[in-house]
Structure formats: structure tokens, C-alpha cells
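Reading through the C-alpha cells given below for one structure.
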Amino acid sequence: MSDAMPNSLHTREPPLLQTIGLTKRYGDFLANASIDIDIFPKEIHALLGENGAGKSTLVKAIYGLIQPSAGEIRWQGERIVLSGPSEARSRGIGMVFQHFSLFENLTVAENVALGLDGKESFKDMSARLEQVSKTYGLPLDPRREVWQLSVGERQRIEIVRALMQNPNFLILDEPTAVLTPQEADQLFIVLERLKAEGRAILYISHKLEEVKRLCDTATILRGGKKVATCNPRQETAASLARMMVGGEIKEVKAAASRQTTVPRLVVNDLTLAPDEPHGVRLEHISLELKGGEILGIAGVAGNGQDELFAALSGERLAKDPGTVVIEGIAAGHLSITLRRKLGAAFVPEERLGHGTAPRMRLSENALLTGHAASGMVRHGFIDTAATLKTVDKATKTFDVRKAKRDPEAASLSGGNLQKFIVGREILRNPAVLVVSQPTWGVDAGAAAIIRQALLDLAASGAAVLVTSQDLDELAEIADRIAVMFHGRMSVPLAAGEATREKLGLLMGGSSLDQKEVAHAARA
Amino acid sequence: MQLVLEKRAERSNTIALASPLIAIGLTIATMSILFAVLGKNPLLALHAYFIAPLTDGYSLQEIAVKATPLVMIAIGLSLCYLANAWNIGAEGQFLIGAVAGSWIAVKTQGTDAGAWVLPVMLLLGAIAGALYALIPAICKVKFGASEILTSLMLVYVADLFLDYLVRGPWRDPHGFNFPTTAEFDPVATVPLLIEGGRLHLGSIIALLVVAAAAVLLGRTIKGFEIRVVGAAPRAARFGGFNANQLIILTFAVSGALAGLAGIIEVAGPVGHLQPGISPGYGFTAIIVAFLGRLNPIGILIAGLFLALTFIGGEQAQIAMKIPLDVTKVFQGILLFYVLACDSLILYRFRLVFPNRQVARGTG
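Each protein sequence line maps, in turn, to chains A and B.
According to the numbering used here, the residues represented by the first sequence are 234 to 756, in order.
According to the numbering used here, the residues represented by the second sequence are 13 to 375, in order.
This is how it looks when you write it as C-alpha cells:
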């Protein structure tokens with residue numbers, strides 16, 4: 234039996250699924266090093282770890298997507314070699330991915346049909362779909378097209394699709410990352426019910442409070458190795474975090490008091506049609522951000538945050554110059570380069586391919602945004618020394634770990650590249666910084682450094698706008714928090730008043746102000 | 013045991029340099045087999061192709077003459093390709109440049125026009141090439157038409173237009189009805205570098221173009237813009253660079269260089285306008301651009317190498333009766349291997365030995 238199993242409950246029943254010495258090697262990189270894990274029926278088993286700890290590799294092996302380099306998988310006591318996901322499904326292993334694989338232009342029922350291996354007719358399948366969704370309290374209209382659905386509804390399709398194969402064992406990869414707190418609560422009810430039916434669930438997450446609340450057992454991975462298996466209810470969030478990170482995480486400290494100064498970024502009634510078929514239309518967005526202030530924007534992904542970033546950065550231009558005002562100058566019609574010259578800086582959500590050119594060196598990526606206003610270009614010629622100096626400075630100030638002085642952007646880990654990108658912009662001493670998902674997929678150490686840097690930047694007088702799906706992050710750094718829903722923005726709440734419940738309601742489209750309910754509840 | 017292709021953490025600069033050489037090696041091996049199948053001694057054939065042209069002064073000059081248009085066109089194409097704009101129609105821009113420049117030569121024929129004639133011809137050739145290249149570029153930017161198709165189709169338009177001119181209005185009245193203009197006057201001819209030789213001023217211009225491109229790509233913000241738009245379009249937009257403007261610019265520059273090469277060829281080695289002034293320079297230059305790694309110095313070397321295959325092909329035809337088309341086969345195989353070897357820059361082969369039985373039977 235497992236080494237540190239504190240729960241005597243499991244000794245009576247044999248495990249449903251076991252991995253013994255499971256190892257996966259990619260070239261010289263050991264993604265999973267001899268991992269043993271036991272998963273029992275009637276158990277919600279958490280798989281915890283930072284990005285790159287090997288969680289995805291492990292579940293991909295269990296689901297048959299990749300073949301382990303060594304070790305074995307046992308299913309109901311019997312050793313199995315999975316030829317692929319369809320064999321895993323036929324044995325009773327289901328999986329719901331973090332990134333959905335749905336066709337936007339097809340209906341719910343059509344999407345489910347495409348994901349099933351069975352031979353039943355479309356009509357029977359649709360009937361069964363309605364029945365399953367009703368039984369588990371996952372309401373879905375089989376005839377609606379996916380693009381009309383919210384992220385939470387899309388996830389329901391994935392879960393129902395997995396449940397229709399009646400799995401004994403269900404893997405969920407960060408299911409609550411895209412949900413409002415209220416939607417997450419509903420999901421937990423479904424998961425408890427599946428557990429009561431005798432099924433096992435492997436629950437991947439890095440939200441520790443959630444794991445403590447929901448899970449019976451937790452296995453913690455770090456650097457491809459299993460660190461411990463424990464009962465999360467007997468641990469504290471801090472002790473779980475320590476096991477994940479392998480050390481203490483630095484506390485982020487805000488300056489005791491920050492002086493707010495003049496408005497540095499103002500948005501006036503910004504309305505912008507989408508430039509993509511299923512994009513979000515921005516409607517009547519207004520905000521005012523003073524120097525020394527951090528405004529957080531919460532919201533479920535796909536509610537207009539990307540469109541707002543493009544409109545603020547100048548990647549998309551507005552017709553009316555007055556809709557975006559930077560440092561008192563109407564900038565709605567100005568290009569991103571001219572906005573940078575006004576003192577604005579931008580950090581997009583995607584690190585590779587948007588924030589940086591992946592196959593270019595860091596010095597070239599410093600030039601990418603620095604050519605506008607950082608003295609890196611003279612008479613059309615590049616000052617290579619100046620670009621390298623920016624790299625060195627960002628490396629030193631933000632502790633960017635890399636193999637050599639000037640490597641390609643793609644060779645850095647997510648956290649280190651994000652530190653470089655944030656550093657590159659902060660070193661320009663911007664008056665306004667617009668940053669989207671600053672710590673998405675970044676390890677805890679790097680996240681702390683980045684959040685501290687944003688706080689310090691605001692303390693030095695800059696206006697900082699942070700879009701994030703992580704409510705804990707916003708609570709940690711923002712002075713005020715607004716919520717985006719269907720391309721509209723709520724009135725910002727002071728950080729002290731912005732409880733999870735209030736934000737959750739706004740994220741789900743309810744309005745705290747009754748008069749606006751009709752507006753927001755657009756189908 | 014299985015052979016897998018896995019991604020490298022960072023691009024391999026060693027392979028980036030070695031890849032063209034590996035490709036040339038594989039091409040020569042393939043060609044040897046082909047020669048053997050044709051019933052020729054592969055060693056003698058390879059000697060005729062690659063060694064014999066290097067042994068006499070005349071052939072060496074001829075290599076430089078052939079390399080001149082290849083290098084000039086390929087430099088322009090490399091700018092397009094780096095910026096992810098696919099100009100396949102350099103052959104047409106070459107022909108239109110030749111036609112536009114020849115217009116001055118034909119109009120001033122037999123007059124006492126002075127030394128201004130040649131510079132104006134070169135300028136006009138470049139401008140016409142640029143304008144001709146702008147047609148597919150503008151169609152791409154305005155209407156989203158594939159520049160690959162439109163630029164290629166315009167090659168045939170240019171070809172037939174030239175054909176019409178030399179058979180019709182511009183035909184030499186004393187030319188025994190051959191489809192050709194009269195021989196250009198001395199003021200309309202590119203001067204030779206060596207009296208009685210073949211090497212002409214165009215080769216110097218080509219070298220200047222190579223140097224200018226090296227500075228542009230390596231040292232200037234415009235060159236950076238070209239590289240980043242091609243390598244990461246979204247990041248380029250975030251950097252404030254406009255991809256559409258760049259398509260227009262790179263097409264215009266590459267069209268101008270192709271047009272300039274066209275008029276230099278006509279006013280230099282050929283001496284008059286006629287059909288068939290190009291043995292496919294505009295297409296061969298695509299191979300030169302890729303074989304040279306889209307790098308100006310690399311293109312200079314690759315241009316000389318492909319010029320060698322033209323000369324070697326002629327020698328092999330004369331000496332061994334190997335069909336001239338074999339040269340085109342050679343060039344095609346070479347491009348194929350270059351593109352294949354390029355995948356090794358970002359990927360590497362690796363032999364995988366599963367150390368336990370688990371992975372067996374996985375197909």
C-alpha cells in the first residue's frame with residue numbers, strides 16, 4: 234500500500250487504478266519520475282503541483298494519450314497497456330480537459346455525438362444526453378450552437394460527454410479555472426454525487442482551499458516526482474503550498490499608504506464591434522485610473538477582456554480619439570507605438586507569440602516594444618548594446634533564470650519569460666501599465682515577484698490596470714475591482730467590499746444594482 | 013527501438029550552417045544514381061558538372077555573369093520570404109524590367125543620345141519591376157487574394173507581352189524576321205569590366221545589393237521589422253509593425269531588384285531584347301534564396317553554386333550528351349533536400365530504446 238496513506242478507510246477496498254513506478258522521459262527531461270499513485274472507488278483524489286510539476290504528463294499517461302517510458306498502470310488490479318484514449322474510455326476512464334475541444338458552429342448534441350465512439354442513432358443519443366444532463370443537474374439545451382454558450386456551459390458539455398460513457402473513473406483538469414465561484418459550487422455538488430455513486434475522481438487543481446473542501450486524498454508532485462500523499466483536510470493551505478513549492482513563498486507587501494494623483498488612463502464610453510466572427514462587442518466601457526492606483530478587472534474568460542486589451546493597447550483603433558485618454562491626451566486613434574511614446578506599456582496574456590517572438594533572442598524581444606521610446610534606435614539603426622543592457626537589467630532586477638546571456642525567448646520557462654516581459658515594460662518607467670493575466674501559468678515564486686513589481690510600480694506613481702481570472706490575485710494587489718461580463722464593465726468596487734460572493738454574482742451576469750439586471754441578462 | 017523526431021529547445025546554429033551542405037551532398041548522391049540510370053559514368057558526369065567549369069577563366073567569368081541576376085533576384089525574394097510574403101513571380105518582374113528598360117534603348121536606337129541612356133534604362137527597369145510586383149501585393153492587401161497564385165500567373169502575362177513586342181512593334185526591320193530587337197547601341201549597353209571578357213558592371217551592382225541587404229537585415233529597425241513580421245505576426249503587431257505595409261514594401265523592393273536584373277541582363281550579356289532571355293532565373297532564384305538560408309552572404313554563395321550548375325549542365329551536354337533538362341532536375345532535387353534538411357534546425361532525430369516492456373505493442 235501507499236507510503237503515507239493516513240486514511241484507514243481505503244484498506245478494505247482494492248484500488249481502482251494504480252500507477253507503479255510510472256516514468257515519462259522527453260529527451261533528457263524527466264517529466265515523471267517513478268510515480269506511484271493509488272486511486273480508490275468513492276474517492277475524490279486531488280493532484281497538486283505547480284506548472285511543470287508533471288501533473289498533465291501523469292494524467293495523459295493514465296488516459297492513454299502518451300505511452301510511459303517505464304512503469305505500469307493497473308486498472309482494477311490488472312496491468313493494462315492503453316493503445317489510446319478510446320481504449321481508456323472503453324475501459325471506463327473519462328477525462329475533461331482544461332481546454333475544451335468543441336466546434337463553435339455545431340450544436341451541443343452534434344459536439345457530443347462527435348466525441349462518442351458508440352453506434353447509437355443521433356436521436357437516441359440526443360435523448361440520452363438530455364436525460365444525463367437532467368439527472369446530474371447539468372442543464373443543457375442539445376439544440377443550441379456552442380458559440381452562443383458561456384464557458385461554464387461549454388464545460389458542462391464536456392462533463393456530460395464524459396458521463397455519457399458511464400465512466401468509473403473521471404479525470405478533471407483544473408475545472409474551476411474558468412468558473413465563477415457560484416458555478417464552481419454547483420460543480421462540486423455534481424462531483425460529490427458522482428463520488429456517492431461509487432466512482433473515483435482525479436481532480437487536478439492548484440486552488441488549495443477548494444481541494445481542502447472537496448478532496449479526500451491529495452497527491453503532490455514537484456519537479457516530476459511525487460512529494461507526498463496526504464489527507465488535505467488535515468493540512469493547511471500553507472502546508473500544502475510548501476509541499477508544492479518546496480519552500481516558503483515570499484509574502485507580497487503593499488506600501489503602507491499610496492498617494493493617488495491625477496488620472497493617467499481614462500476610458501470614455503468605449504464601444505467597439507468585434508473584428509472576429511465570434512468575438513465580443515465592447516459596450517459603453519468607462520473607467521478612470523489615477524496614478525498610484527491598481528484597478529483589477531475580473532471576469533470569466535471570453536467576456537471582452539481580450540478585446541479591451543486590444544483597444545487600450547492600440548492593436549485595435551477606435552474611431553473616436555476621446556474614448557481612450559492616456560496622460561491627458563486623446564489616444565483612441567493612435568497606434569500602439571504612439572501610445573508607448575505617451576508613456577503607456579502593455580503586457581498581453583500570451584507570452585509566446587504575442588508578448589514575444591518565440592524564436593528570437595531576448596535582446597530582439599526587448600527591441601520589439603523598446604524601439605518606440607527607449608533610445609534603442611538611432612537614425613533607423615539598432616543600438617545592440619542598448620538592447621542587451623535592457624536584457625541584463627531585467628535579468629538582474631527580476632531574477633530571470635536562463636542558460637546564457639541572450640537566449641531565444643522560447644527556451645525560457647513560463648515564469649522566467651513572464652518576469653522578463655514584465656521587467657522589460659517596467660524598466661521603461663511607464664506612466665500607465667496595462668497587464669493581462671500577469672501570473673497565468675507561472676510558478677508561485679515568479680508570481681510573487683511579479684505581483685510585488687506591480688505594487689511597487691503603482692507606489693512609484695504609475696497607474697496599473699490588471700486583468701485577471703484569479704480573484705485571489707486581484708484581492709492581493711488591486712485597490713478597486715471591476716467585473717467584465719458580455720463586453721460590459723461593472724462599476725468598480727473598493728477592494729474591501731469586493732467579496733467573492735459579490736464578484737461571483739457580477740461574473741455570472743447578475744447586477745448588484747437592480748436597475749441594470751435587464752441590461753446584463755442578455756441571452 | 014524507434015526513431016523519433018523531437019523538438020530542440022533552441023534552434024541549432026550548427027545545423028543551420030550545415031543544412032545546405034548536407035542537402036548538396038544528398039543531391040549529388042541522388043544525381044549520381046540518376047546519371048548511372050542514364051547510362052553515364054557518374055564520376056565523369058559530376059566532374060563535367062562541378063569541376064570542369066572551375067578550371068578555365070572563361071567559365072569562371074561566365075559563372076559570375078549567370079550568378080549576377082540570380083543573386084540580385086534572390087536577395088529581393090529573401091526579404092519577401094522573411095516577411096512571410098510569398099513572391100513567386102520574380103520571373104515576370106524580371107521580364108517586365110527588361111521590357112521597360114529596352115523601351116529607351118529601342119527609342120534612342122541610332123540617335124546621338126548621350127551617356128544618360130543606360131542609367132535611365134536601369135532606373136526604368138527597376139521601377140517597372142516594382143510596379144509589376146505591386147499588383148499581387150495590392151491584391152493581397154486589399155482583397156486577400158493569394159499572392160502566390162497572382163504573382164505566378166503574372167509571369168505568363170509578362171512572357172507573352174515580351175513575345176508580342178519583339179514579334180510586333182519592336183522587331184528589328186533588318187533582322188530577317190527573327191523575333192528580336194536590333195542590337196542595342198553602345199550607350200545602351202552595360203560596360204564590361206575586362207576588355208574582351210564577359211564580366212560586366214552588373215556583377216558589381218549585385219555585390220552592392222548583397223552588402224546593402226546585409227546591413228538592412230542585420231543592423232536596422234526596418235530589417236528587424238521584416239524578420240519579426242515573418243517570424244511572429246501577432247508579436248509584430250504588438251510591437252507596432254504593420255504587416256500589410258510590409259507586404260507592399262518587400263514586394264516593391266523585390267520587384268525592383270528583379271526588374272533591374274532583367275534590364276542588366278538584356279543590356280549586358282544578351283545585348284538585345286528577345287524571347288528566352290531568361291533560362292528561368294526568377295524561379296531558380298527561389299532555390300538560391302532558400303539554399304542561402306535567406307541570408308545575404310549565404311545567397312551570394314548559393315547564387316554562385318547554382319550558376320555553376322547552369323554552366324556545368326551546358327558542358328555536360330556538350331561533352332557527354334546529358335540532356336540540359338537534367339540541370340532543372342538537379343535544381344528541383346536540391347530545393348527538396350534543402351527544405352527537408354531545414355527541419356533539422358528545429359528538430360533532431362533520436363533513437364528511443366524503451367527500457368521496459370510496457371511500451372511494446374503500441375504501434
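Just so it is clear, CB atoms sit at the ideal spot from N, CA and C, and this is done for glycine as well.
Where residue i meets chain A, residues with beta-carbon distance less than 9 Å
| i | result |
| --- | --- |
| Val-153 (chain B) | Residues of chain A passing the Cβ test: none, with the nearest at roughly 16 Å. |
| Arg-362 (chain B) | Gly-260 |
| Glu-18 (chain B) | Tyr-259 and Gly-260 |
Residues that DSSP places opposite residue i in a beta bridge
| i | result |
| --- | --- |
| Ala-577 (chain A) | A:Val-665 |
| Pro-496 (chain A) | A:Lys-523 |
| Thr-232 (chain B) | A:Phe-614 |
| Met-593 (chain A) | Looking at the DSSP assignment, Met-593 (chain A) forms no beta bridge with any residue, so it has no partner. |
| Phe-262 (chain A) | A:Tyr-259 |
| Gly-529 (chain A) | A:Val-699 and A:Ile-714 |
| Glu-305 (chain A) | A:Ile-253 |
| Met-722 (chain A) | A:Met-717 |
| Ala-727 (chain A) | A:Arg-713 |
Proximal residues of chain B, C-beta to C-beta of residue i below 9 Å
| i | result |
| --- | --- |
| Glu-597 (chain A) | Phe-236, Arg-239 and Val-240 |
| His-566 (chain A) | The contacting residues do not exist; His-566 (chain A) stays about 14 Å from chain B at best. |
Enclosing alpha helix (DSSP H) for residue i [first to last residue]
| i | result |
| --- | --- |
| Glu-391 (chain A) | 384-396 |
| Val-178 (chain B) | 159-179 |
| Glu-246 (chain A) | Careful: Glu-246 (chain A) lies outside any alpha helix (DSSP H) and carries neither H nor E. |
| Ala-248 (chain B) | 245-250 |
| Glu-509 (chain A) | Taken as a continuous stretch (DSSP letters only), Glu-509 (chain A) belongs to no alpha helix (DSSP H), as it is neither H nor E. |
| Gly-656 (chain A) | 647-659 |
| Val-49 (chain B) | 25-49 |
| Thr-368 (chain A) | 355-368 |
| Pro-404 (chain B) | With chain B running from 13 to 375 in the structure shown, residue 404 (chain B) is simply not present. |
| Glu-540 (chain A) | 538-546 |
| Gln-685 (chain A) | 677-692 |
| Phe-106 (chain B) | 102-119 |
N- and C-terminal bounds of the beta strand (DSSP E) containing residue i
| i | result |
| --- | --- |
| Gln-251 (chain A) | 250-259 |
| Ala-279 (chain A) | 276-281 |
| Ile-559 (chain A) | 557-559 |
| Leu-405 (chain A) | 402-406 |
Where residue i meets chain B, residues with beta-carbon distance less than 7 Å
| i | result |
| --- | --- |
| Arg-634 (chain A) | Ordered by position in chain B, no residue passes the 7 Å Cβ test against Arg-634 (chain A), which lies about 14 Å from the chain. |
| Pro-591 (chain A) | Ala-244 |
| Thr-602 (chain A) | Gly-251 |
| His-587 (chain A) | Arg-246, Ala-247 and Phe-250 |
Contacts that residue i makes with chain A (C-beta to C-beta distance below 7 Å)
| i | result |
| --- | --- |
| Ala-223 (chain B) | Per Cβ cutoff of 7 Å: no residues; Ala-223 (chain B) is ~15 Å from chain A at best. |
| Thr-232 (chain B) | Gly-613, Phe-614 and Ile-615 |
| Leu-277 (chain B) | In the sequence as presented, Leu is not what sits at residue 277 (chain B); that position holds Glu. Those within 7 Å of Glu-277 (chain B) in chain A number zero; the least Cβ separation is about 32 Å. |
Contact set between residue i and chain A, taken where Cβ atoms lie within less than 8 Å
| i | result |
| --- | --- |
| Arg-23 (chain B) | Arg-592 and Glu-641 |
8 Å Cβ cut-off: residues of chain B touching residue i
| i | result |
| --- | --- |
| Gly-555 (chain A) | Going along chain B, no residue has its Cβ under 8 Å from Gly-555 (chain A), so there is no contact; the nearest lies around 22 Å. |
Next item on the list: Return the chain-ordered ranges of every beta strand (DSSP E) run that is complete within the segment 336-367 of chain B and spans a minimum of 3 residues.
Entry: 359-364
Notebook entry, point to check: Taking any Cβ of chain B, which residues in the segment 604-624 of chain A have a Cβ under 7 Å from it, in chain order?
Noted result: His-604, Ala-605, Val-610, Gly-613, Phe-614 and Ile-615
Item checked: Residues within the segment 568-582 of chain A neighbouring chain B, beta-carbon criterion of under 8 Å -> Ser-568, Ile-569, Thr-570, Arg-573, Phe-579 and Pro-581
Next item on the list: Report the residue ranges of all beta strand (DSSP E) runs contained in full by the segment 428-503 of chain A; include only those spanning at least 3 residues, in chain order.
Entry: 433-438, 450-455 and 458-463
Note to self: Beta carbons nearer than 8 Å to chain B: which residues of the segment 287-321 of chain A have them?
What the structure shows: Gln-300, Pro-301, Ser-302, Ala-303, Gly-304, Glu-305, Val-314 and Ser-316
Check: Quick one, which residues of the segment 248-275 of chain B are near chain A if we go by CB-CB under 9 Å, in chain order?
Finding: Ala-248, Arg-249, Phe-250, Gly-251, Gly-252, Phe-253 and Asn-254
Check: Going along the chain, which unbroken runs of the alpha helix (DSSP H) with 4 or more residues stay wholly within the segment 261-333 of chain B?
Finding: 293-303 and 308-332
Next item on the list: Note down, in chain order, all residues in the segment 525-550 of chain A with a beta-carbon under 7 Å from any beta-carbon belonging to chain B.
Entry: Glu-548
Note to self: Quick check for students: name the residue ranges of the alpha helix (DSSP H) that lie wholly in the segment 289-346 of chain A, counting only runs of 4 or more.
What the structure shows: 318-324
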